[in-house]
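First up is the structure itself, then whatever we jot down about it.
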Amino acid sequence: MKNFLGQSGALLSGLLAVALGVQPVLAKSDSEQIGLSVGRLLEEGHYTHHPLNDEISRKLLTGYLELLDFSHLFFTQKDIDAFTAKYATTLDDDILLGNLQPSHEIFAVFQKRVEDRVKKIKELVPRLAARRVPLADAEKAVAEFVTGSAAEREQKAKLLFAGLFDRLNRERTEVMNGIERLNRRQQELADKLRADIAELHKVQDAPTPDTAKLAQMSQQVEWSTRIFEDRRKSIRFVCEVPVLIEQRLFALGRVVQQAME
């Protein structure tokens, strides 16, 4: 029995996903026919010939909700309670009637939750990630966002931290790539500077030095040396940025965790 319930849940979850996915291509009657066919398959095709009843209906509803929101990040407890009250004992009848409206309604709620949550996080993450924003202000913003029941706070906190991690990790990667490019240019400049100094020494050691070339080479070496030293100081500063980003992420992670608790 347990295997049948699990298989039935998986079948309906797949059915509903397929019906939603092919909706732009198939006519309404085609989607309904899929539902009728799978309903008959579950009742007649399975070796147990178990009828679609309220027990199966609850399993199917749970399976579909898990399929959509497997990480439990979007549906609220209020959503789950509403779906359960409306469809827990009627989903079997809807399947046998070829009525896919429950799946469309549930998916519409899921899509709305995702859009709302993502929109808010997209607005919040850049402000929190900016190091110029005081941590106290970040704490206030996080506290205002991570609200609701314990489950809802956990959902929001997970999404928010995922957004912060993604943004700050990308920033750190960009900085590290910039440091690598700067180091390459610095190495190229060092090689050129050594070559220019060697050439300057040749001009200086010549029996009759070319004063014009000597002045030109001296100025060139002086300028390259100044650029080299300026870049060296810049690299020292830029190398601190990845650490600052990591510290910011760690601090924001603690803020998010505290808001969730």
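Just so we're aligned, residue 27 is where the sequence shown starts under this note's numbering, counting upward by one. Yeah, the Cβ is synthetic: ideal placement off N, Cα and C, and Gly gets one too.
Enumerate in chain order the residues of its own chain whose CB-to-CB distance from residue i is below 7 Å, with the five nearest sequence positions on each side excluded.
i	result
lysine 3	The displayed coordinates of the chain run from 27 to 287. Any statement about residue 3 would go beyond what the structure contains.
arginine 153	Val159 and Ala167
glycine 279	Phe187
What does the alpha-carbon distance come out to for the pair residue i and residue j?
i	j	result
arginine 274	serine 244	46 Å
lysine 184	valine 269	23 Å
glutamine 127	isoleucine 106	17 Å
proline 235	isoleucine 223	15 Å
alanine 277	leucine 86	42 Å
arginine 196	tyrosine 90	34 Å
valine 247	arginine 258	16 Å
histidine 130	glutamate 180	27 Å
glutamate 225	arginine 207	27 Å
arginine 139	leucine 99	9 Å
glutamate 92	isoleucine 82	15 Å
leucine 31	arginine 84	The predicted position of leucine 31 is uncertain, since its pLDDT is 38 and thus under 50; a value taken from the coordinates is nonetheless stated next. Between leucine 31 and arginine 84, the C-alpha separation is close to 10 Å.
arginine 211	isoleucine 253	11 Å
proline 50	alanine 114	At proline 50 the pLDDT is 38, less than 50, meaning the model places this residue with poor confidence and gives no usable figure here.
alanine 169	lysine 146	14 Å
aspartate 256	aspartate 163	35 Å
Which residue's Cα is closest to the Cα of residue i: the options?
i	options	result
valine 281	Arg84, Leu190 and Lys112	Leu190
phenylalanine 96	Thr116, Gly279 and Phe136	Phe136
alanine 111	Thr173, Val201 and Asp80	Asp80
leucine 194	Val267, Ala238, Gln230 and Ser260	Val267
Residues in its own chain within less than 8 Å of residue i by CB, not counting five upstream and five downstream?
i	result
glycine 204	Val264
glutamine 103	Ser175, Ala177 and Glu178
Between which two residues does the alpha helix (DSSP H) holding residue i run?
i	result
histidine 130	127–155
glycine 89	80–94
glycine 124	Segment: none, glycine 124 is in no alpha helix (DSSP H) and carries neither H nor E.
leucine 99	Where leucine 99 is concerned, there is no enclosing alpha helix (DSSP H), given that its DSSP letter is neither H nor E.
glycine 174	Neither: glycine 174 is in no alpha helix (DSSP H) and is coded neither H nor E.
threonine 325	Lying before the first or after the last residue shown, residue 325 is absent from the chain, which here runs from 27 to 287.
Identify, in the order they occur along the chain, each residue of the same chain with its Cβ nearer than 6 Å to the Cβ of residue i, setting aside the five sequence neighbours on each side.
i	result
leucine 215	Phe254
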